[in-house]
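Numbering (numbering that gives the first Met the number 0), first residue to last: 0 to 173.
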Amino acid sequence: MKKLFLLFLSIGLLLGGLSACTEKPITYINGKVPASHKVAAPVSISYTTPKKVALGENALVTITLEADADVDGLKLAVTAGEGLILPNGNYEVNFGSLTNNSTLTEDVLVSSSAEGLLFLNLLVSGSFSGREMARAGAVPVQVGDDVRKMLKTSGALDVDSKGRVLTVSPAEER
């Protein structure tokens, strides 16, 4: 009887261990910070974020910078937008000098305190041909499933004759 119990116990532990190894894989989204229409530092910014992050869960955001010109003193400053948390406070890294078409990546760990579409704010700066320039951008991070918190409404809420909730926005005159 004791041997039978030990057999079932070891099989149960084995199956439990195998199920723990089969976690759902994390899907990632690749994106690019769009170019600005203003004069900005010649640096391309792209990112990789998890497709969806659970509230309070840590997530790794990978930021890729590509220098489109020679640069001295390239610096990346990252701040968390509303609802996001950088565990070590504001994040800043100095990369030094880079040549044209050089690429580097930086992993930034973030956590969330709210659901919705949240943003990680980036500021890339450096000296390009002796001229100090900067480029700003934002990386979207989707936290949770509550779509209503991802949509920002401006206007009054009203209910139509069929009971549907409507957002009545103020008129825009030009």
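Every residue, glycine too, gets a C-beta built ideally from N, C-alpha and C.
From a predicted model like this one, the values you see are computed outputs, not experimental measurements.
Reduced DSSP category for residue i - H, G, I as helix; E, B as strand; rest coil
{"i": "L54", "result": "coil"}
{"i": "R134", "result": "strand"}
{"i": "P49", "result": "strand"}
{"i": "K161", "result": "coil"}
{"i": "T72", "result": "In the sequence on display, residue 72 carries Gly and not Thr. Correct three-state label for G72: strand."}
{"i": "D106", "result": "strand"}
{"i": "E81", "result": "coil"}
{"i": "G143", "result": "coil"}
{"i": "V32", "result": "coil"}
{"i": "K148", "result": "No answer about K148 holds up, because its pLDDT of 49 lies below 50 and its placement is not dependable."}
{"i": "V38", "result": "coil"}
{"i": "A113", "result": "coil"}
{"i": "G88", "result": "coil"}
{"i": "I44", "result": "strand"}
{"i": "T61", "result": "strand"}
{"i": "T98", "result": "coil"}
{"i": "S168", "result": "coil"}
Contact check, residue i vs residue j, beta carbons under 8 Å
{"i": "L119", "j": "V77", "result": "yes"}
{"i": "Y46", "j": "T63", "result": "yes"}
{"i": "D69", "j": "N99", "result": "yes"}
{"i": "S96", "j": "E65", "result": "no"}
{"i": "V52", "j": "V138", "result": "no"}
{"i": "L73", "j": "F94", "result": "yes"}
{"i": "L83", "j": "V140", "result": "yes"}
{"i": "A40", "j": "F127", "result": "yes"}
Counted within 10 angstroms of its Cβ, other Cβ atoms place residue i as buried (16 or more) or exposed
{"i": "V167", "result": "exposed"}
{"i": "G162", "result": "exposed"}
{"i": "L108", "result": "exposed"}
{"i": "V38", "result": "exposed"}
{"i": "P49", "result": "buried"}
{"i": "V92", "result": "exposed"}
{"i": "V158", "result": "exposed"}
{"i": "E81", "result": "exposed"}
{"i": "E114", "result": "buried"}
{"i": "G125", "result": "buried"}
{"i": "S111", "result": "buried"}
{"i": "G143", "result": "buried"}
Residue i at chain C interface by Cβ criterion, 8 Å
{"i": "I62", "result": "No chain C appears in this structure, which consists of one protein chain only."}
If you pair each beta-carbon of the stretch 97 to 106 with each one of the stretch 127 to 134, do three or more pairs fall below 8 Å?
no
Using 8 Å as the cut-off, can you tell me whether the stretch 81 to 89 makes contact with the stretch 32 to 43, which would need three or more C-beta pairs spanning the two stretches below that distance?
No, the stretch 81 to 89 is not in contact with the stretch 32 to 43.
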